[in-house]
Every structure is written in structure tokens, then in C-alpha cells.
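Worksheet for the structure shown next.
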């Protein structure tokens with residue numbers, strides 16, 4: 220299959236919709252919102268997280 224990663228998703232409602240659609244990942248300028256949305260959607264944080272850039 221094809222992996223789908225979306226960018227740049229910065230609004231909570233867009234993140235939730237994409238998670239519901241089953242995307243494999245998303246790029247955001249708002250990791251704080253992404254964390255809240257992922258927890259609300261029942262997605263556990265990985266044991267380690269990778270951060271690139273500033």
C-alpha cells in the first residue's frame with residue numbers, strides 16, 4: 220500500500236478528520252494541538268518521538 224502523510228495541518232478539527240480517515244502521519248507547526256488531538260482520538264505517544272528542525 221501507499222503511505223499517506225499530510226502537511227501542513229494546524230487546526231484541531233482538520234487533524235481529527237485526517238486521523239479518522241486513517242492517514243499514516245501528519246506534519247504540523249502546532250505539535251501542542253497535535254498532541255491534544257491524538258490523545259483525544261485515543262492514540263498513544265510512541266516511547267520516543269523524533270523532532271527535526273527548530
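In this note's numbering, the protein residues as written are 220 to 273. In this text, a Cβ means the ideal position worked out from N, Cα and C, and glycines have one as well.
- Contacts around residue 238, its chain only, beta-carbon distance under 6 Å, and the 5 residues preceding and following it disregarded: On the chain shown, residue 238 is found 19 positions in, with the first residue counted as 1. Cβ within range, chain order: 260.
Which of the three DSSP states is assigned to residue 256 in this structure?
For the purposes of this step, residue 256 is identified with residue 37 of the chain shown, where counting begins at 1. Correct three-state label for residue 256: helix.
Within 10 angstroms of its Cβ, does residue 245 collect 16 or more other Cβ (buried), or is it exposed?
The residue you call residue 245 lines up with position 26 of the chain shown. Buried, since its Cβ has 16 or more Cβ neighbours within 10 Å.
Practice prompt. Check whether the Cβ atoms of residue 247 and residue 224 lie closer than 8 Å to each other.
Written response: Stepping through the chain shown from its first residue, residue 247 is reached at position 28. Stepping through the chain shown from its first residue, residue 224 is reached at position 5. For residue 247 and residue 224, no; Cβs fall outside 8 Å.
Determine the direct distance from the alpha carbon of residue 233 to that of residue 253, and round the result to whole angstroms.
As a working mapping, residue 253 is identified with position 34 in the chain shown. As a working mapping, residue 233 is identified with position 14 in the chain shown. The alpha-carbon atoms of residue 253 and residue 233 are separated by roughly 10 Å.
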